[in-house]
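Top to bottom, those sequences are chains A and B.
1 is the number of the first residue of the first sequence in my numbering; add one for each residue after it.
1001 is the number of the first residue of the second sequence in my numbering; add one for each residue after it.
Protein chains: 2
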Amino acid sequence: MTSIARKAASDRAPTSSDDDASAGWSRVTARDIAEELGISISTVSRAFTENAVISPRTREKVMRTAERMGYQPNPFARSLITRRSKIAGIVVADITNPFYPEVLANLTKRLQDTGLQTMLFFAGPGRKVDDALPTLLQYSPDVAIVLAATMSSEMVSACREVGTPVVLFNRYVPGSGAAAVCCDNVDGGRQVADALANAHHRRLAYIAGSPDTSTNNDRLLGFTERCRELGLDDPIVEEGGSFTYEAGSAAVKRLLDRRNPPDAVFCANDIIAIGALDAARRELGLSVPKELSVIGFDDISMAAWPSYSLTTVRQPVNAMIEMTIDEARRLLAHPQAEAEEQTVPGRLIRRNSARLEEVS
Amino acid sequence: MTSIARKAASDRAPTSSDDDASAGWSRVTARDIAEELGISISTVSRAFTENAVISPRTREKVMRTAERMGYQPNPFARSLITRRSKIAGIVVADITNPFYPEVLANLTKRLQDTGLQTMLFFAGPGRKVDDALPTLLQYSPDVAIVLAATMSSEMVSACREVGTPVVLFNRYVPGSGAAAVCCDNVDGGRQVADALANAHHRRLAYIAGSPDTSTNNDRLLGFTERCRELGLDDPIVEEGGSFTYEAGSAAVKRLLDRRNPPDAVFCANDIIAIGALDAARRELGLSVPKELSVIGFDDISMAAWPSYSLTTVRQPVNAMIEMTIDEARRLLAHPQAEAEEQTVPGRLIRRNSARLEEVS
DNA sequence: ATGAAAGCGCTAACAA
DNA sequence: TTGTTAGCGCTTTCAT
C-alpha cells in the first residue's frame, strides 16, 4: 500500500455512527513532506534539527513545504529517541496564596522561552507532592520544579535515578539532593527586627504560617535571632496554622487580647498580614500603624493597594525564577552535578502599615 | 547483543567528564518485565490495558513485578500508537484575577481524576492565544481548554481539523465551533439591576472591564436591559479598561466626580469592585453602602473578607468545571458532534457593600 | 490466553 | 550533503 493510499484511508471521515470514538484525523508527518519533495525522511528531520548537517537550500525548501502543509514534528516520537522530553513538570501546592499564580505564570513563560513546555500537577490538601510524582515521572520531564512544597528525600532520589533533576522553589530540604531556590528568609526576618527595633518598638510578635515549612521557620528564626542580638525580648510567637487571611485575622485577635499586647507584629506572609491588619483595624478598632505596626512578607500586588499599603519584605521573584531556570539547565547539562541550594536576599519595602524610622 | 547486555551498557553511569550531557539513566521498559517473567512484551502491554484479554493471574503477576521493578508504561510511546495523548492543553490568559488560579487548580485536579494530564500555556500581554496554539497542538492534546480568553474561529477550525476539540471557559465565540461554558452573565446583570431597583437606587452605574470580552459585555447588557424594563434610566457606563483593582479605583473616582454621581455601581468583576470600594471609602471618604452601593461579579474568596464583605454575583465554579469536563469528554467521544455553548446561572450573594432590601 | 510481527513518527548511526 | 537502516517503547492485528 502506498503511503498516499494509506493516508487517504486514514483521512476518511469517522464513520457516521454516533458512537464513533475515533481519535480524529491524521496529521501531517515527516513522511508526507519527504514524499512531496522527493527527499528522504531523514532530510526532513535534519531540517528541524539545530546543528544538523544539511544544506541551507534544502532546509529552506523543507521549512516552506512544512509550513504550507502544516507539518510540525511530533514531540512524542522525537523524545522517544532523544530521551529528552523538553517538558518541565511543575508541582504546585498552594495556589490560594496570590504569590504563586504569578510565579507559576512567569516561570512557565520563561521555561517556554527556553524551549520547555509545562506539565502541571497540583498537590495540596489530600494530595501529597510525593503522590503526584510517579505520574509526573511517567512523562520523564527534563526537570521537575516544585513550588512551595517539600518532598521526601527518597522521592528526590527516585527522580534523579531516572534522570529528572528536582528544583524546589521557596522551600528546601537539606541533604535531599534537591536543588533549591529561596528568598533569604532568615535575613528577611532580621531586616524586620532591625527596622522595628530602630523605631523603638519593644513588644514584638510573630504570626506563624504553616508549621514545618522552611519559609515560616526561617523567617521566625532570623527575626528572633536578631531580636536577641539587639537585646530585645524574644518575640511572642502566635501560631496561625496556615498562610491564610483567616489565620492572620484570628491570630492578631488572640495577640491583642493578651494582658500585655505587642506593638508590632511580623507576619509569616502578606496574606496573613492583611488578615491581621483588617482585623486590627475593623474588629479591634486599632489604628494602624499608630497603635500597631504590621509587617508582611512576599510583596504580593495587593500589598501595594492603597487601603493596605503594607510594609513587607519583597521577594525578588524574577531573580528567583531566573535562578530556577538556570539551575534546571545546569542540572540538565550535567546530570551528576551537585544540586545547589541558592538564596537571594529580600528587601524591606516601607509603606504605611508600620511605624518605622525614615531611612536616610 | 542480548537485551541484558544492552541494558547493562546503557545502565552504566555517565562518563566522569564534567561536561557530560547525557540524558540520565535508562528506565525500566516493558521488555525488562517481559524478560524477568519469561513472557512476551505483548502480554505485559495487555496487563496495562483495560479490557484486554489476559488471564487475571498473569495480569496480577505482571503488575507485581512492575511495581517491584518500578515500571510504568511510557505514555509517549503509547500515544504514538493509540493516537490519544491523555493530555489536556490549558491556555490561561489572565492569572492576575484571583478567580482563575482557583479554576485552574480545580480544573486540573478534576481532569487528572478523569485520567488527563495538563499541559499549561500562558497567553496574555504580548502572547495571543492563537500564538500559543501551534505549540499546544504539537502535543496533540485530547482537548484544549481556554480560560478567560477568546481565539479566532480559524484557530478553532484548525484545532478540530487535527482532532482537538476546544472548550472555552468563561468566554464564547458564537459560530466558531468552539464549545463554551459560561456563567449566565446576562442574567447576572439582570439580577443586580433588580436588586438595586428594589432598594430604590435610581442613579445606577456600571464600571466596565476589558472591552470586547463577552463577560464584560453580557453583564452590562443584562444590567441595562433590565434597567430599561424597570423604567429606570440607563446606567452610566464608565470604562475601566481592564479587570483590575486600579481600573476600579480610577473609574469610581471619575464617576463620583460627576455633577450627578451614581448611588450604586455594578462592577464587571470583584477585583474592580474592590478597587472601587477602597477608593470610595478611603480616597473619597464615602460610607459604603450608606452613600454608595457597590456590587461585584465572581465571588472570589476576597469578597467574603470582613473589610470588603462584597455583595456580588457568585459564579458556580464547580458546576462550570464539571460542565467543562463533561463537554470535553463528550467531544472526545464524538469528534464530529456539535460543540455546545452552555450557561449556568449565577446567584447574587448579599453581603454588606450594597444597600439592598432584605429577601423574604 | 499468549506470542510474533508490524509499525506509530521520529532520530541517529552509518554508508554512499 | 544525503539516503538507508535500525531502532526508541509501545499497542495491535493475526496466528497459534
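For each residue, glycine too, the CB sits at the ideal point set by N, CA and C.
As the structure is a computational prediction, the values presented were derived from the model and not from experiment.
Name the one or two DSSP bridge partners that residue i has.
i, result
"TYR71/A", "TYR71/A is not bridged to any residue."
"GLY1089/B", "MET1119/B, ALA1144/B"
"ASP298/A", "ARG314/A"
"GLU239/A", "ALA208/A"
"SER1293/B", "ALA1264/B"
"CYS1182/B", "THR1343/B"
"ILE1349/B", "THR1312/B"
"VAL1167/B", "ILE1145/B, ALA1179/B"
"THR124/A", "The sequence given here places Gly at residue 124/A; Thr does not occur at that position. Answer is ARG127/A."
Mind checking residue i: buried by the 16 CB within 10 Å criterion, or exposed?
i, result
"THR1082/B", "exposed"
"MET1302/B", "buried"
"HIS201/A", "buried"
"ASN1352/B", "exposed"
"GLU1327/B", "buried"
"GLY1296/B", "buried"
"MET69/A", "exposed"
"ASN74/A", "buried"
"ARG281/A", "buried"
"PRO1056/B", "exposed"
"GLY1209/B", "buried"
"SER1176/B", "buried"
"LEU1292/B", "buried"
"GLU1357/B", "exposed"
"SER1228/B", "According to the sequence displayed, residue 1228/B carries Arg and not Ser. Answer is exposed; the Cβ neighbour count stays below 16."
"ASP212/A", "exposed"
"SER1287/B", "exposed"
"ARG1064/B", "exposed"
"THR108/A", "buried"
"THR1114/B", "exposed"
"ASP1233/B", "exposed"
"ASN1216/B", "buried"
"VAL403/A", "With chain A covering 1 to 360 only, the question about residue 403/A has no answer from this structure."
Given residue i, which residues of its chain have a CB within under 8 Å of its CB, disregarding the five upstream and five downstream residues?
i, result
"ALA34/A", "SER40, ILE41, THR43, VAL44"
"THR1029/B", "TYR1071, ASN1074"
"ALA1247/B", "ILE1207, GLY1209, GLY1240, GLY1241, ILE1272, GLY1275"
"PRO1316/B", "CYS1183, VAL1344, PRO1345, GLY1346, ARG1347"
So, for residue i: in the same chain, excluding its five sequence neighbours on each side, which residues have a beta-carbon less than 7 Å away from its beta-carbon?
i, result
"ALA21/A", "The predicted model places ALA21/A with a pLDDT of 38, which falls under 50 and marks its position as unreliable, so this point remains unresolved."
"ARG1330/B", "ALA1337"
"ARG314/A", "ASP299, GLY346, ARG347, ILE349"
"GLU340/A", "ALA179, GLU327"
"GLY222/A", "ASN185, VAL186, ASP187, GLY188, GLY189, ARG190"
"GLY24/A", "Residue placement at GLY24/A is flagged as unreliable, the pLDDT there being 44, under the threshold of 50; the coordinate-derived value follows with that caveat. Correct list: empty, nothing qualifies."
"ALA195/A", "LEU348, LEU356"
Note down, in chain order, each residue of its chain lying with its Cβ closer than 6 Å to the Cβ of residue i, except the 5 sequence neighbours on either side.
i, result
"SER1079/B", "SER1085"
"PHE122/A", "VAL92"
"VAL1252/B", "ALA1276, ALA1279, ALA1280"
"ASP218/A", "ASN185, VAL186"
"PRO1098/B", "ILE1300"
"SER214/A", "ARG171, TYR172"
"SER1249/B", "GLY1275, ALA1279"
Using a Cβ-based criterion (distance less than 7 Å to any ligand heavy atom), does residue i qualify as near the ligand GTP?
i, result
"THR58/A", "Questions concerning the ligand GTP fall outside what the structure shown contains, since it holds no ligand whatsoever."
Three CB pairs or more closer than 8 Å across the segment 182 to 199 of chain A and the segment 156 to 166 of chain A: Judged by Cβ distances under 8 Å, the segment 182 to 199 of chain A makes no contact with the segment 156 to 166 of chain A, as fewer than three pairs qualify.
Give the residues from the segment 1099 to 1117 of chain B that approach chain A closer than 8 Å (Cβ to any Cβ), ordered along the chain. Of all residues in the segment 1099 to 1117 of chain B, only TYR1100, PRO1101, GLU1102, LEU1104, ALA1105, THR1108, LYS1109, GLN1112, GLN1117 come within less than 8 Å of chain A when Cβ atoms are compared, listed by chain position.
Segment contact flag, the segment 1269 to 1284 of chain B with the segment 1223 to 1239 of chain B, C-beta cutoff 8 Å, min 3 pairs: no
Name, going along the chain, the residues of the segment 262 to 278 of chain A whose beta-carbon falls closer than 9 Å to a beta-carbon of chain B. Here the close residues are ILE274, GLY275, LEU277, ASP278.
Check whether the segment 1117 to 1134 of chain B and the segment 1171 to 1179 of chain B touch, using three or more Cβ-Cβ pairs below 8 Å as the test. Taking a cut-off of 8 Å on C-beta distances, the segment 1117 to 1134 of chain B does not touch the segment 1171 to 1179 of chain B, as fewer than three cross pairs fall below it.
For the segment 306 to 320 of chain A, which residues have a beta carbon sitting closer than 7 Å to at least one beta carbon of chain B? PRO306, SER307
The segment 69 to 82 of chain A: which residues have C-beta closer than 7 Å to a C-beta of chain B, in chain order? GLN72, PRO75, PHE76, ALA77, SER79, LEU80
Quick one: which residues of the segment 1279 to 1304 of chain B get their C-beta closer than 9 Å to a C-beta of chain A? List them in chain order. Near chain A, meaning a CB-to-CB distance below 9 Å, the residues of the segment 1279 to 1304 of chain B are ALA1279, ARG1281, ARG1282, GLU1283, SER1301, MET1302.
Should the segment 89 to 106 of chain A be regarded as contacting the segment 146 to 156 of chain A, the criterion being three or more beta carbon pairs within less than 8 Å? yes
Give me the subset of the segment 118 to 151 of chain A whose CB atoms are less than 9 Å from a CB atom of chain B, sorted by chain position. THR118, MET119, LEU120, PHE121, PHE122, GLY124, ARG127, ALA132, PRO134, THR135, LEU136, LEU137, GLN138, TYR139, SER140, ASP142
Taking a Cβ distance cut-off of 9 Å, strictly less, list which residues of the segment 1082 to 1096 of chain B are near chain A, in chain order. THR1082, ARG1083, ARG1084, SER1085, ILE1087, ILE1090, VAL1092, ILE1095, THR1096
Contacting positions in the segment 1240 to 1256 of chain B - beta carbon closer than 7 Å to chain A: TYR1245
Using Cβ-Cβ distances below 9 Å, what residues of the segment 155 to 185 of chain A are close to chain B? The residues in question are ALA158, ARG160, GLU161, VAL162, GLY163, THR164, PRO165.
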